[in-house]
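FYI, the numbering for the sequence shown is 106 to 546, going by my numbering. By construction, the Cβ of each residue, glycine as well, lies at the ideal position given by its N, Cα and C atoms. Predicted model, so just to flag it, every value in this text is computed and none were measured.
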Amino acid sequence: ADLVEANLDFGHLAALLAAPAVPAALDDSTPYEGVRRIPPGHALILRAGAREVAGYEQVASLAVAAPPADPDSAVGAVRDALVEAVRARLSAPRHVPDIDPGPVPGMGPAERRAARGMPVPGIGADLSGGPASGTLALLAAGLPGNPGTLLGHGTGAGERLLAVTFNDLAVGGREAELERAGALAANPRLHHVVVAGGEDVLPYADLEGPLTDEPGPSLVTAARHRARLASGSADHFTGHGARQVLDAHPARLADLLMDRRRRHLVRPVAALARADGSVMVPARVYGAARKLARTSYRAGLEDLAGRLLQRRFDEPRGAVGASLAALTWAGAGPAARWLTGEALAEVSVRLQAATNRSTTGPGQRPGDHRARAALARHAADLRVLEQAAEIRSQRLHAPFLDNQVVRACRALPEALRVRPGARAAILRTVLEGAGVGGLPP
Numbered sequence: 106a107d108l109v110e111a112n113l114d115f116g117h118l119a120a121l122l123a124a125p126a127v128p129a130a131l132d133d134s135t136p137y138e139g140v141r142r143i144p145p146g147h148a149l150i151l152r153a154g155a156r157e158v159a160g161y162e163q164v165a166s167l168a169v170a171a172p173p174a175d176p177d178s179a180v181g182a183v184r185d186a187l188v189e190a191v192r193a194r195l196s197a198p199r200h201v202p203d204i205d206p207g208p209v210p211g212m213g214p215a216e217r218r219a220a221r222g223m224p225v226p227g228i229g230a231d232l233s234g235g236p237a238s239g240t241l242a243l244l245a246a247g248l249p250g251n252p253g254t255l256l257g258h259g260t261g262a263g264e265r266l267l268a269v270t271f272n273d274l275a276v277g278g279r280e281a282e283l284e285r286a287g288a289l290a291a292n293p294r295l296h297h298v299v300v301a302g303g304e305d306v307l308p309y310a311d312l313e314g315p316l317t318d319e320p321g322p323s324l325v326t327a328a329r330h331r332a333r334l335a336s337g338s339a340d341h342f343t344g345h346g347a348r349q350v351l352d353a354h355p356a357r358l359a360d361l362l363m364d365r366r367r368r369h370l371v372r373p374v375a376a377l378a379r380a381d382g383s384v385m386v387p388a389r390v391y392g393a394a395r396k397l398a399r400t401s402y403r404a405g406l407e408d409l410a411g412r413l414l415q416r417r418f419d420e421p422r423g424a425v426g427a428s429l430a431a432l433t434w435a436g437a438g439p440a441a442r443w444l445t446g447e448a449l450a451e452v453s454v455r456l457q458a459a460t461n462r463s464t465t466g467p468g469q470r471p472g473d474h475r476a477r478a479a480l481a482r483h484a485a486d487l488r489v490l491e492q493a494a495e496i497r498s499q500r501l502h503a504p505f506l507d508n509q510v511v512r513a514c515r516a517l518p519e520a521l522r523v524r525p526g527a528r529a530a531i532l533r534t535v536l537e538g539a540g541v542g543g544l545p546p
């Protein structure tokens, strides 16, 4: 965009606000006019002076259900892929920050490093208390020979993995996560550091930070992430993407209905009913899932285009409301109500054009389609976060977004994925299979 001096594409920015989770609204556009994006799961092929964008990922058929996968073998494949992703990073050449320029009167090595804004040499990981960050921290510290070696054992004796927890005291329902982080921090292979947040890391606190290639939701909390990563290591593991690759998008309930596996809806629907405390929840969720299963992709896009034109926006409340709002082919973003009628009309035109380009849709079931879109959106926002919260001489590692890990997670049976607490159960099995235990319930 800088080379061609491209102008801003305001239609793309409007679509990013009105329908951020709808690939058809964004298509292959970028915030810059004339600059096109290679879609996720595709590659640019240049051959004999011609270019071609071809997909390399297999997608689930809309007409024929995939054969049911064995849960144990699927979880085993996730374990192998995740362990290999972590091991590859541990065995790669370590990233060494800039050499210490020398002693400064009254300052030790740690103070000099902090004054230069440099990360701690070695391997580190986030430890938020969630199952994803805890799994990566325990894997990185517990795999044989890397790097959480106890004192007096092995040639690398005494090197412990740096685990970073951010705590701004505004827990707001995260008490269990912080308690879990404290329990994990007792592991002798980990060196635990707690980063205290103040007013300088509040949302929207730092709007004059580094300019990123494109906007993203992570810009709101960039100061918080920067403060956390500043206390991290030169090679730092993060659990980003675990929720998107392991959790079941609510639209997957429609996929189960399309496969005539209604009994697998019982557990997730019962969990929603307990959270809401209403006996009407099962009927509402089942009705929405059944409607989605019978709605075509084209009809779903046309419905969203009409709602944007008429400024009809629903206000989902609670877990049940959010799940019902997600049981659609396409939904409006929370910022859509702030846009002008002209901007909403342009996004509506984009959606109508998408239905004209393809009458058959993406060739995916609604749950698989929504899950892939959510993963692509999160991965794009992670790139924005890396630019906004960049710490010089630090490399962020997100193993859950590696191709082999994503493919292994996609092979998990939907019946296993939709169970409440499935992500923590799967990751606990992964740790046990790798010979590393200790993930608290």
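Along the chain, where does the beta strand (DSSP E) that runs through residue i open and close?
i, result
"Ser498", "Per DSSP, Ser498 belongs to no beta strand (DSSP E) and is neither H nor E."
"Ile97", "Within the shown structure, residues of the chain are numbered from 106 to 546, placing residue 97 beyond reach of any answer."
"Asn272", "Leu266 to Asn272"
"Leu108", "Taken as a continuous stretch (DSSP letters only), Leu108 belongs to no beta strand (DSSP E), as it is neither H nor E."
"Val350", "Counting along the chain, Val350 falls outside any beta strand (DSSP E), though it belongs to the alpha helix (DSSP H) covering Ala347 to Leu351."
Applying the 10 Å Cβ sphere with the 16-neighbour rule, what's the burial state of residue i?
i, result
"Pro315", "exposed"
"Asp175", "exposed"
"Gly259", "Note that Gly259 scores a pLDDT of 43, beneath 50, so its modelled location is shaky and nothing firm can be said."
"Asn508", "exposed"
"Pro128", "buried"
"Phe115", "exposed"
"Leu255", "Here Leu255 scores only 42 on pLDDT, less than 50, and its place in the model is too uncertain to base an answer on."
"Glu420", "exposed"
"Pro198", "exposed"
"Gln163", "exposed"
"Met385", "exposed"
"Ala547", "There is no way to answer for residue 547, as the model of the chain reaches only from 106 to 546."
"Arg497", "exposed"
"Ser323", "buried"
"Val109", "exposed"
"Val225", "buried"
"Leu187", "buried"
"Gln415", "exposed"
"Gly261", "Residue placement at Gly261 cannot be trusted, given a pLDDT of 46 that sits under 50; what the coordinates show is reported in the next sentence. Exposed, by the Cβ-count rule."
"Ala291", "exposed"
"Val371", "exposed"
"Pro471", "buried"
"Ala404", "exposed"
"Glu280", "exposed"
"Gly154", "exposed"
"Gly160", "exposed"
"Ser338", "buried"
For the putative contact between residue i and residue j, defined by C-beta atoms under 8 Å, what is the C-beta separation to the nearest angstrom?
i, j, result
"Gly234", "Ala286", "4 Å"
"Gly181", "Gly538", "7 Å"
"Gly543", "Leu243", "6 Å"
"Arg482", "Pro125", "6 Å"
"Leu432", "Leu358", "7 Å"
"Leu521", "Pro236", "Contact doesn't hold; Cβ gap of about 15 Å is too wide."
"Gly346", "Ala529", "Going by Cβ atoms, the distance from Gly346 to Ala529 rounds to 16 Å, so no, they are not a contact pair."
"Val158", "Leu149", "6 Å"
"Leu409", "Ala378", "With a Cβ gap of about 28 Å, Leu409 and Ala378 do not count as contacting."
"His341", "Gln499", "6 Å"
"Ala441", "Phe418", "6 Å"
"Leu295", "Ala246", "6 Å"
"Arg488", "Ala120", "Their Cβ separation, rounded to whole angstroms, is 18 Å, which puts Arg488 and Ala120 out of contact at 8 Å."
"Val523", "Pro387", "The pair is not a contact, with the Cβ atoms about 14 Å apart (cut-off 8 Å)."
"Ala193", "Val510", "The pair is not a contact, with the Cβ atoms about 11 Å apart (cut-off 8 Å)."
"Pro136", "Leu118", "6 Å"
If I follow the unbroken alpha helix (DSSP H) through residue i, where does it start and stop?
i, result
"Pro125", "Looking at the DSSP string, Pro125 is not in any alpha helix (DSSP H), and its letter there is neither H nor E."
"Arg194", "Pro176 to Ser196"
"Ala230", "Premise fails: Ala230 lies in the beta strand (DSSP E), Val225 to Asp231, not in any alpha helix (DSSP H)."
"Ala473", "Rather than Ala, the amino acid found at residue 473 in this sequence is Asp. Counting along the chain, the alpha helix (DSSP H) containing Asp473 begins and ends at Pro471 to Ala493."
"Ala503", "No alpha helix (DSSP H) holds Ala503; DSSP gives it neither H nor E."
"Pro236", "Pro236 to Gly247"
"Val452", "Gly446 to Arg462"
"Leu522", "A small correction: the amino acid at residue 522 is Arg; Leu does not occupy that position in the sequence shown. Where Arg522 is concerned, the enclosing alpha helix (DSSP H) stretches over Glu519 to Arg522."
Strictly by DSSP, which residues pair up with residue i?
i, result
"Tyr137", "Leu113"
"Val158", "Leu149"
Could you tell me whether any Cβ in chain C is nearer than 8 Å to the Cβ of residue i?
i, result
"Glu519", "The chain inventory of the structure shown lacks chain C, comprising one protein chain alone."
- [ ] Entirely within the stretch 284-343 and at least 3 residues each: give me those beta strand (DSSP E) ranges in chain order.
- [x] 295-301 and 338-342
- [ ] Go through the stretch 358-428 residue by residue and report every complete run of the alpha helix (DSSP H) that reaches 4 residues or more, in order.
- [x] 371-381, 386-398 and 402-414
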